[in-house]
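Numbering (the working numbering), first residue to last: 5 to 282.
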């Protein structure tokens with residue numbers, strides 16, 4: 005008996021919300037032109053922190069793409085995820101009707117490193133300044149790493165495999181790998197990606213503990229990786245979401261195949277080798 009043929013995982017949709025573009029087209033154009041969007045931090049509450057430069061998403065109004073009932077219960081990083089997921093599904097030519105017929109055949113996997121720091125800080129300030137009765141009920145989920153996976157799946161009606169990856173800088177790639185594996189195992193559609201919004205003061209203070217953020221105030225000099233003048237890394241917000249589905253299914257419905265996930269490998273540096281990896 006021959007072994008079953010594994011389905012090829014294809015990327016059919018892309019959605020981006022980033023400092024250098026809040027759409028795939030503007031993001032790619034900025035990337036091709038080599039434009040740097042690192043600038044002085046303007047986020048409220050960060051003025052007195054040692055970090056002076058970051059990548060802020062300034063041309064983004066979440067109310068344009070996210071309904072009010074979701075806005076009040078989610079953090080900025082989840083707003084990015086929902087907007088990018090919408091764009092990716094539109095790019096893949098997948099509407100509500102395409103997934104409503106088989107909700108258990110569509111899933112979500114996202115990655116997050118900092119969680120909902122902006123939302124969490126606001127509620128913690130209420131806790132310490134006014135008391136526990138003033139803390140909103142959504143604090144329990146909005147700050148959590150899995151919030152984007154949960155909210156995207158609820159909002160789109162997906163009931164298939166859902167998960168979250170916490171793997172620092174590699175998280176987005178690992179999320180894509182998990183999505184590809186789900187497709188190969190029989191899931192029709194997966195929305196996968198990673199978004200971050202780590203520029204709230206609460207999140208920034210947590211990052212300062214690493215001792216590796218760039219202290220340089222000049223945006224042109226703050227981040228120069230792989231050079232002798234490198235002086236640390238610069239955080240930024242934003243992210244991307246992809247639609248991953250079986251290549252055969254994409255061809256049948258006439259969807260463009262942007263790429264295929266040929267393989268994936270992962271390792272773990274370990275706490276004892278942290279310094280060697282930086």
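Glycine included, every Cβ here is placed at the ideal spot set by N, Cα and C.
Next item on the list: Provide the residue(s) that pair with residue 4 in DSSP beta bridges, ordered along the chain.
Entry: The structure shown does not extend to residue 4, since the chain spans only 5 to 282, so no value can be given for it.
Next item on the list: For residue 161, count neighbouring C-beta atoms within 10 Å of its own C-beta (all shown protein chains included) and say buried if the count is 16 or more, exposed if not.
Entry: With fewer than 16 other beta carbons inside 10 angstroms of its own, residue 161 counts as exposed.
Next item on the list: Please state whether DSSP places residue 19 in a helix, a strand or coil.
Entry: Secondary structure at residue 19: strand, using DSSP grouped into helix, strand and coil.
Notebook entry, point to check: Do residue 126 and the ligand GDP come close, with the Cβ less than 7 Å from some heavy atom?
Noted result: The ligand GDP is absent from the structure shown, which contains no ligand whatsoever.
Next item on the list: Just list the alpha helix (DSSP H) runs in the stretch 52-91, keeping only unbroken ones of 4 residues or longer that don't cross its boundaries, in chain order.
Entry: Positions of the alpha helix (DSSP H) runs, each at least 4 residues long and wholly inside the stretch 52-91, are given as 66-69 and 72-75 in order along the chain.
Checklist line | beta strand (DSSP E) segment containing residue 218, residue limits | finding: Counting along the chain, residue 218 falls outside any beta strand (DSSP E), and DSSP gives it neither H nor E.
Next item on the list: Assign residue 268 to one of two classes, buried (16 or more other C-beta atoms within 10 Å of its C-beta) or exposed (fewer than that).
Entry: With fewer than 16 other beta carbons inside 10 angstroms of its own, residue 268 counts as exposed.
Margin query: Helix, strand or coil for residue 192? Go by DSSP, reduced to three states.
Written below: Residue state, collapsed to three classes: coil.
Next item on the list: Rounded to whole angstroms, what's the CA-CA distance from residue 155 to residue 92? Just pull it up for me.
Entry: Cα-Cα distance, rounded: 16 Å.
Item checked: Cβ distance (whole Å) where residue 13 is taken to contact residue 188 below 8 Å -> The pair is a contact, with the Cβ atoms about 6 Å apart (cut-off 8 Å).
Margin query: Between which two residues does the beta strand (DSSP E) holding residue 114 run?
Written below: Following the DSSP letters along the chain, one finds residue 114 inside the beta strand (DSSP E) bounded by residues 110-115.
Next item on the list: Please work out which residues of its chain come closer than 7 Å, Cβ to Cβ, to residue 192, disregarding the five sequence neighbours upstream and downstream, and give them in chain order.
Entry: Excluding residues within five positions, the ones whose Cβ falls inside 7 Å are 106, 109, 110, 249, 250 and 253.
Item checked: For residue 166, three-class secondary structure by DSSP -> Secondary structure of residue 166 (DSSP, three-state): strand.
Check: In terms of residues, what are the limits of the alpha helix (DSSP H) holding residue 246?
Finding: Counting along the chain, residue 246 falls outside any alpha helix (DSSP H), though it belongs to the beta strand (DSSP E) covering 242-250.
Checklist line | Residue environment, residue 5, which counts as buried when at least 16 other CB atoms sit within 10 Å | finding: Note that residue 5 has pLDDT 47, beneath the 50 cutoff, so the model's placement of it is unreliable and the number below is only indicative. Exposed is the call here.
Next item on the list: Please check the pair residue 21 and residue 242, which I expect to be a contact at CB under 8 Å, by giving their CB distance rounded to whole angstroms.
Entry: The pair is a contact, with the Cβ atoms about 5 Å apart (cut-off 8 Å).
Next item on the list: Classify residue 165 as buried or exposed, calling it buried when 16 or more other Cβ atoms lie within 10 Å of its own Cβ.
Entry: Counting Cβ neighbours within 10 Å, residue 165 comes out buried, since at least 16 surround it.
Next item on the list: Taking residue 203 as part of the alpha helix (DSSP H), name the residues at either end of that continuous run.
Entry: Residue 203 -> no alpha helix (DSSP H), and no H or E assigned at all.
Next item on the list: Identify every residue that forms a DSSP beta bridge with residue 44.
Entry: Beta-bridge partners of residue 44 (DSSP): 57.
Margin query: Assuming the contact rule is C-beta atoms closer than 8 Å, residue 96 and residue 259 should be a hit. Round their C-beta distance to whole Å, please.
Written below: Contact flag correct, Cβ pair sits at about 6 Å.
Next item on the list: Could you name the residues that DSSP lists as bridge partners for residue 237?
Entry: DSSP output for residue 237 lists 217 as bridge partner(s).
Next item on the list: Round the Cβ separation of residue 79 and residue 123 to the nearest angstrom and send it over; I've been treating them as touching at under 8 Å.
Entry: Right, their Cβ atoms sit about 4 Å apart.
Check: Quick one: what does DSSP say residue 118 is sitting in, helix, strand or coil?
Finding: Looking at residue 118 - three-state DSSP - the assignment turns out to be coil, as it is neither helix nor strand.
Note to self: Does residue 198 come out as helix, strand or coil in the three-state DSSP assignment?
What the structure shows: Residue 198: strand per DSSP, three-state reduction.
Next item on the list: List the whole-angstrom C-beta distance separating residue 207 from residue 121, where the pair is believed to meet the contact cut-off of C-beta under 8 Å.
Entry: That pair is a contact at about 3 Å.
Item checked: Beta bridge counterpart(s) of residue 25 as assigned by DSSP -> Note: residue 25 sits in a beta bridge opposite 22.
Notebook entry, point to check: With a Cβ-Cβ cutoff of 8 Å, do residue 23 and residue 41 count as a contact?
Noted result: A contact, by the Cβ cut-off of 8 Å.
Item checked: Same chain, Cβ closer than 7 Å to residue 125, neighbours up to 5 away in sequence not counted -> These residues qualify, in order along the chain: 204, 205 and 206.
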